[in-house]
């Protein structure tokens, strides 16, 4: 009987011991899986959202997404290993170019250039034309076309005129653009906070200080907004400077002749052409400035006549002086005293 009671008590103690061990293990697992308040606070602070940390401090959860009420997942970071086109997709590029061109049909070329700008959706920011003394004309344009039409515009200008030189430039202003955009957002946030504080201000001194701060912030917002608009204008529309000249003969680039005879023949031909161009230019110059040349000829004629008269007058004066000098010499010789050694009659 005693032996049976001892076995019963041993079995009961063993069962109690196993039950206690199982309960302690469950409680320990629950402690490890649930984060503490300080750990949750630290996690929200590291995310960079101050309002989330404040909600946890007052016992609220982070805002749920629109689908199912769970906390919003952070967006995945963009892939850094994309192609060059992917990396430049959000780049702020400014395209500029300078073109020197010439044409033999000035009116048709200028009309085609202006029609091209309108067709591409651009506009003329600056335009001027000049007439020269030799009868030729020239024009200067500052053209703004959409950035996507930049290459097409340069290619078409080469088709409607003879391009002698062309420079292109592409500048990436992404750093300046996004830095200005970030500063603008900061100033807008500052403006909201200042307006909130102004609505709660009670003393006149606080109101004046807040109004001064708001005025300075508004000025900064206007400056940054203007800078962004200027950057957007440069990015959206490329800028091309075009200089167009009217010429009698287009400039050509010829390859060097292989033989001495070919070089000599080309030099002879070029010499005759240059001499003919010189005679044409001289004739045009004389026809354009004949009034001034006539006036200059009359002035020279008057100067020459006055010079001749002055020369004749000086010659006559010199002759008279010489005759007077010669007459006085002979008179002194005739009326002078006689030699005392001569005998008196």
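Residue numbers (my numbering): 44 to 388. Just so it is clear, CB atoms sit at the ideal spot from N, CA and C, and this is done for glycine as well.
Own chain, CB closer than 6 Å to residue i, minus 5 neighbours either side, in chain order
{"i": "residue 368", "result": "none"}
{"i": "residue 181", "result": "173 and 288"}
{"i": "residue 100", "result": "Unreliable positioning characterises residue 100 in this predicted model, as indicated by a pLDDT of 35, which lies under 50. A coordinate reading is not provided."}
{"i": "residue 183", "result": "171 and 286"}
{"i": "residue 179", "result": "289"}
{"i": "residue 169", "result": "185"}
{"i": "residue 154", "result": "none"}
Rounded distance between the beta-carbons of residue j and residue i, thought under 8 Å
{"i": "residue 251", "j": "residue 230", "result": "The Cβ separation is near 21 Å, so there is no contact."}
{"i": "residue 390", "j": "residue 186", "result": "Because the chain is modelled from 44 through 388, residue 390 falls outside the range shown and cannot be assessed."}
{"i": "residue 203", "j": "residue 156", "result": "7 Å"}
{"i": "residue 135", "j": "residue 215", "result": "7 Å"}
{"i": "residue 138", "j": "residue 193", "result": "5 Å"}
{"i": "residue 268", "j": "residue 240", "result": "Not confirmed; about 23 Å, so no contact."}
{"i": "residue 196", "j": "residue 283", "result": "7 Å"}
{"i": "residue 140", "j": "residue 211", "result": "5 Å"}
{"i": "residue 344", "j": "residue 336", "result": "About 13 Å separates the two Cβ atoms, so there is no contact after all."}
For residue i, the nearest candidate out of the options (CA to CA)
{"i": "residue 412", "options": "260, 293, 321 and 330", "result": "The question about residue 412 has no answer, for the chain in this structure spans 44 to 388."}
{"i": "residue 191", "options": "295, 277 and 304", "result": "277"}
{"i": "residue 149", "options": "222, 357 and 292", "result": "292"}
{"i": "residue 323", "options": "314, 177, 334 and 246", "result": "177"}
{"i": "residue 286", "options": "200, 163, 274 and 151", "result": "200"}
{"i": "residue 219", "options": "188, 146, 183 and 273", "result": "273"}
{"i": "residue 280", "options": "318, 151, 163 and 153", "result": "163"}
{"i": "residue 257", "options": "245, 237 and 295", "result": "237"}
{"i": "residue 208", "options": "329, 314, 307 and 295", "result": "295"}
{"i": "residue 175", "options": "338, 350 and 332", "result": "332"}
{"i": "residue 198", "options": "247, 142, 165 and 213", "result": "142"}
{"i": "residue 275", "options": "310, 221, 305 and 247", "result": "221"}
Residues of its chain near residue i, where Cβ-Cβ distance is below 7 Å and the 5 sequence neighbours each way are ignored
{"i": "residue 224", "result": "271"}
{"i": "residue 217", "result": "134 and 135"}
{"i": "residue 253", "result": "237, 240, 241 and 244"}
{"i": "residue 146", "result": "152, 204, 205, 287 and 289"}
{"i": "residue 321", "result": "none"}
{"i": "residue 361", "result": "none"}
Proximal residues to residue i (C-beta, below 8 Å), its chain only, five neighbours per side dropped
{"i": "residue 233", "result": "260"}
{"i": "residue 188", "result": "160, 163, 164, 165, 196, 280, 281 and 283"}
* Could you tell me which uninterrupted alpha helix (DSSP H) segments, each at least 4 residues in length, are contained entirely in the segment 249 to 331, listed from first to last along the chain? => As far as the segment 249 to 331 is concerned, its whole alpha helix (DSSP H) runs of at least 4 residues are 303 to 331.
* Unbroken stretches of the alpha helix (DSSP H), 4 residues or longer, contained in the segment 177 to 244 -> 193 to 203 and 217 to 243
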